[in-house]
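Novice:
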Amino acid sequence: ATENIILVAAVSKDITTTSNAAKEPEIVDLLNFLNKKGAKISGAGTSVITIEGVSKLNDVEYRVIPDRIVAATYLCATTITGGKITLTQVIPSHIQSICSVLKECGCKIQCGNDTVSLSAPAQPLPIDFIRTLPYPGFPTDAQSPLMTVLSVAAGTSIIVENMFENRFKHVAELNKMGADIVVDGRIAVIRGVKKLSSAKVLATDLRGAAALIIAALNADGVTEIDGIYHLDRGYDQFEQNLVKLGAVIERVD
218 ATENIILVAA VSKDITTTSN AAKEPEIVDL LNFLNKKGAK ISGAGTSVIT
268 IEGVSKLNDV EYRVIPDRIV AATYLCATTI TGGKITLTQV IPSHIQSICS
318 VLKECGCKIQ CGNDTVSLSA PAQPLPIDFI RTLPYPGFPT DAQSPLMTVL
368 SVAAGTSIIV ENMFENRFKH VAELNKMGAD IVVDGRIAVI RGVKKLSSAK
418 VLATDLRGAA ALIIAALNAD GVTEIDGIYH LDRGYDQFEQ NLVKLGAVIE
468 RVD
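Heads up: take any position in the sequence shown, counting from 1, add 217, and you land on the working numbering.
Have a look at this one:
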């Protein structure tokens, strides 16, 4: 909603002020992009944004910021497999909440200027309680990948989904793979098991697809995931990159 208001107001004839604006890095990046094109927008990264409309925006070259949720997904994939990874071309401050949670899971994480290195334990530790929140809180888009990690943690974890309804569609599929997850409204209770099992499962959304792939990395046997086309909406060459990291994955059209 914040993005739509900004895009319309940027080329209007009026001065627009929006309160309770989203503070996500993607919003700040959009404002920086528009201002480079000649827009007059202030308040990026705050809850109040003021847009003075202009008649025209100019052509520019602009490099968009790295995708923090993609980074979170690779970190979760590494955590569930007990591996090590170094991500490059990331902005560590954008994934601070994610790194903090994975540290609670027992991961060792080091951040550079544009790198994040993670070394995972043999089995993740549980998280007593975590809730999704607007930025800079834990992002709802990383909830399902994290839940997959916690499904094999050494104890019980609780996730509260505060941002959206019906964000637990992946739970039934994870349970088919041997996870022990119970959902009550916006609350998911995850009782960790030692290992997941292969199964035929269905991805119904973007992040759920990523979560099921992460689960399959941990599972014994061959897992078949249908509906994987959802993944392409938010990830570029995801399975190819996992293959480079040692995974055995094949997409069947």
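Heads up, the beta-carbon is just placed ideally off N, CA and C, and yes, glycines get one too.
1. Does the stretch 439 to 451 come within contact of the stretch 400 to 407, defined as at least 3 CB pairs closer than 8 Å?
2. Have a look at ALA238 and SER414 and give me their C-alpha separation to the nearest angstrom.
3. Please return the same chain residues whose Cβ sits closer than 8 Å to the Cβ of ALA339, not counting the five positions on each side in sequence.
4. In chain order, what residues of the same chain have a beta carbon less than 6 Å from the beta carbon of ILE375, not counting five sequence neighbours either side?
5. Can you tell which of ASP401, ASN249, SER272 and THR296 has the C-alpha that lies nearest to the C-alpha of GLU278?
6. Do the stretch 289 to 304 and the stretch 372 to 390 meet, that is, are 3 or more Cβ pairs less than 8 Å apart?
7. Alpha carbon to alpha carbon, how far is LEU342 from ARG450? Give it in angstroms, no decimals.
8. Sort out for me which residues DSSP pairs GLN327 with in a bridge.
9. Can you tell me whether ASP397 is buried or exposed? The criterion is at least 16 other CB atoms within 10 Å of its CB, across all chains shown.
10. In three-state terms, what does DSSP make of VAL245?
11. Out of GLY354, GLU241 and ARG468, which one is the CA nearest neighbour of ASP284?
12. Going straight from the alpha carbon of ILE232 to that of ASP276, what length do you get?
13. Please state the DSSP three-state secondary structure of ALA227.
14. Count the other C-beta atoms from every protein chain shown that fall within 10 angstroms of the C-beta of PHE381, then say buried if there are 16 or more, exposed otherwise.
15. In whole angstroms, what is the alpha-carbon distance linking CYS316 and LYS230?
16. Let me check understanding here. Comparing Cα to Cα, which of LYS411, SER259, PRO351 and ALA427 lies closest to HIS387?
17. Roughly how many angstroms lie between the CA atoms of LEU367 and GLY409, to the nearest whole one?
18. Short check: CB of PHE394 to CB of ALA420, under 8 Å?
19. Taking Cβ to Cβ, would you say VAL369 is nearer than 8 Å to ILE297?
20. Any idea what DSSP makes of ILE302, helix, strand or coil?
21. The alpha helix (DSSP H) that contains SER361, what's its start and end?
22. Taking 7 Å as the limit between beta carbons, can you name the residues of its chain near VAL307, skipping five residues before and five after?
23. Hey, how far is the Cα of TYR291 from the Cα of PHE355?
Specialist: In brief:
1. The answer is no - the stretch 400 to 407 does not touch the stretch 439 to 451, with fewer than three Cβ pairs under 8 Å.
2. Across the structure, ALA238 and SER414 are spaced so that their CA atoms are roughly 43 Å apart.
3. The answer, listed in chain order, is GLY299.
4. Excluding positions up to five away in sequence, the list reads PHE346 and VAL406.
5. With distances taken between Cα atoms, GLU278 lies closest to ASN249.
6. The answer is no - the stretch 372 to 390 does not touch the stretch 289 to 304, with fewer than three Cβ pairs under 8 Å.
7. Approximately 31 Å between the Cα atoms of the pair.
8. The beta-bridge partner set that DSSP reports for GLN327 consists of SER334.
9. Classification of ASP397: exposed, given that the 10 Å Cβ count is below 16.
10. DSSP places VAL245 in the helix class (H, G or I) of the three-state scheme.
11. Of GLY354, GLU241 and ARG468, the residue nearest in Cα terms is GLU241.
12. Each residue's alpha carbon lies about 23 Å from the other.
13. When DSSP states are grouped into helix, strand and coil, ALA227 belongs to the coil group.
14. Sixteen is the threshold: since fewer than 16 other Cβ atoms of the shown chains lie within 10 Å of the Cβ of PHE381, the residue is exposed.
15. For CYS316 and LYS230, the distance between alpha carbons rounds to 43 Å.
16. Looking at the Cα atoms, ALA427 is the closest of the given residues.
17. Roughly 6 Å between the two C-alpha positions.
18. At residue 394 the sequence reads Met, which differs from the Phe that was named. Taking a C-beta distance under 8 Å as the contact criterion, MET394 and ALA420 do not qualify as a contact pair.
19. Yes. Within cutoff.
20. Under the three-state reduction of DSSP output, ILE302 falls in the strand class.
21. DSSP places SER361 inside the alpha helix (DSSP H), whose first and last residues are 360 to 367.
22. Closer than 7 Å at Cβ, skipping near neighbours: PRO283, ALA288, ASP331, THR332 and VAL333.
23. Approximately 16 Å, taken between the alpha carbons.
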